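To keep things clear, I will list the structure first and then write my remarks on it.
In this note's numbering, the protein residues as written are 68 to 414.
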């Protein structure tokens with residue numbers, strides 16, 4: 068599907084005159100480095116903990132336009148758990164503010180099972196869901212509600228990947244929570260590696276790699292996903308964001324890479340979705356020493372992007388051989404985006 072979509076996307080990009088066909092040279096971007104205030108947007112929000120892409124109070128709730136008829140749930144026809152297959156194709160993202168009663172702005176803003184039906188109707192193949200938070204009262208956030216979402220998705224033949232953002236302040240708690248989450252009926256697990264609560268970089272890296280090794284051992288070598296900061300941020304835009312990001316150390320424990328390539332948070336040359344997506348994929352593979360490493364690219368942010376941006380992202384993903392793609396997140400996805408995003412579907 069990605070290959071078939073490339074021609075149409077190239078035509079669209081050319082017609083729009085986006086100029087997003089060649090990765091930018093670093094020297095061309097250096098004068099446009101963003102100040103610290105323009106740091107990349109992480110996947111969660113809390114004033115005293117990891118910061119978020121979009122504060123719950125500001126996030127628009129997308130009115131979903133008419134779509135294909137909602138399919139009735141069917142018997143599960145999904146990848147075997149804990150393979151790389153769920154990362155292939157078209158994904159959609161949910162964080163705790165989307166689906167959790169505890170963290171949603173209000174009850175009416177909680178995503179329900181009808182939204183899972185909607186994702187299936189739009190062709191989503193894998194749901195990525197935040198299964199707990201650093202400040203959750205329990206290791207697994209609202210497990211009964213979470214299991215209902217998993218069951219509904221599986222009934223539509225979709226896979227569900229859990230993700231969690233460890234702060235590394237208390238690695239034992241982080242590890243315990245991740246192991247508990249992995250015990251549920253998920254099809255995989257991703258670690259969101261972006262928290263800087265531990266100020267000393269060397270100690271932060273030590274805790275991260277130790278936790279990753281112990282998680283890998285606890286899960287008996289099942290494939291793990293690394294949801295990582297984009298290299299361009301840490302190397303070009305703000306080298307102080309996370310110096311010495313431990314790429315090679317992480318490569319020993321993670322099997323698939325999901326860079327948060329949020330071009331909407333950039334300016335100048337890096338605002339180009341094609342350039343930003345392609346460069347981050349290429350650099351990750353170079354940094355971990357794996358030219359063919361499986362990458363599922365994440366774009367966005369949804370309510371700040373355009374159809375043209377998405378075409379550029381799809382083209383870059385195809386050119387770089389990404390195995391799948393998605394934008395952050397489902398709630399902020401404009402109904403006009405689904406047709407373009409379906410190009411990521413793995414057939």
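Idealized CB from N, CA, C, for every residue including glycine. Values in this document were obtained by computation on a predicted structure and should not be read as measured data.
Confirm, please, whether the CB-CB distance from residue j to residue i is below 8 Å.
i: residue 158; j: residue 197; result: no
i: residue 220; j: residue 248; result: no
i: residue 395; j: residue 356; result: no
i: residue 326; j: residue 362; result: yes
i: residue 254; j: residue 216; result: no
i: residue 374; j: residue 410; result: no
i: residue 291; j: residue 283; result: yes
i: residue 149; j: residue 271; result: no
i: residue 201; j: residue 294; result: no
i: residue 364; j: residue 331; result: no
i: residue 339; j: residue 279; result: no
i: residue 194; j: residue 161; result: yes
i: residue 275; j: residue 313; result: yes
i: residue 265; j: residue 236; result: yes
i: residue 337; j: residue 329; result: no
i: residue 345; j: residue 386; result: yes
i: residue 352; j: residue 358; result: yes
i: residue 348; j: residue 389; result: yes
i: residue 208; j: residue 169; result: yes
i: residue 341; j: residue 382; result: yes
i: residue 189; j: residue 324; result: no
Take the Cβ of residue i as the centre, count every other Cβ of all protein chains shown within 10 Å, and call the residue buried at 16 or more, exposed below.
i: residue 376; result: buried
i: residue 225; result: buried
i: residue 133; result: Low confidence applies to residue 133: its pLDDT is 44, below 50, so where it sits in the model is not reliable enough to give any reading.
i: residue 322; result: buried
i: residue 233; result: buried
i: residue 269; result: exposed
i: residue 167; result: buried
i: residue 165; result: buried
i: residue 204; result: exposed
i: residue 48; result: It is not possible to answer for residue 48, since the shown part of the chain is limited to 68 through 414.
i: residue 380; result: buried
i: residue 153; result: buried
i: residue 240; result: exposed
i: residue 179; result: exposed
i: residue 393; result: buried
i: residue 398; result: buried
Based on the DSSP output, what are the partners of residue i in its beta bridges?
i: residue 197; result: 230
i: residue 157; result: 392
i: residue 256; result: 229 and 291
Considering residue i, what are the terminal residues of the beta strand (DSSP E) in which it resides?
i: residue 364; result: 363 to 367
i: residue 391; result: 391 to 395
In the DSSP assignment, the alpha helix (DSSP H) including residue i goes from what residue to what residue?
i: residue 316; result: 314 to 318
i: residue 238; result: 238 to 249
i: residue 379; result: 374 to 387
i: residue 213; result: 210 to 222
i: residue 166; result: 163 to 166
i: residue 185; result: 180 to 188
i: residue 419; result: Missing from the structure shown is residue 419; the chain here goes from 68 to 414 and no further.
i: residue 407; result: 405 to 408
Given 7 Å as the limit, tell me if residue i has its C-beta closer than that to any heavy atom belonging to the ligand FMN.
i: residue 389; result: Looking at this structure, you won't find the ligand FMN or any other ligand, since it has none at all.
Counting only runs of 3+ residues fully inside the region 264 to 306, write out the beta strand (DSSP E) ranges in chain order. The DSSP assignment places 291 to 295 as complete runs of the beta strand (DSSP E) inside the region 264 to 306, in order along the chain (cut-off: 3 residues).
Could you give the uninterrupted runs of the alpha helix (DSSP H) lying entirely in the region 310 to 360, keeping only those of 4 residues or more? Given a length threshold of 4 residues, each whole run of the alpha helix (DSSP H) inside the region 310 to 360 is given here in chain order: 314 to 318 and 340 to 355.
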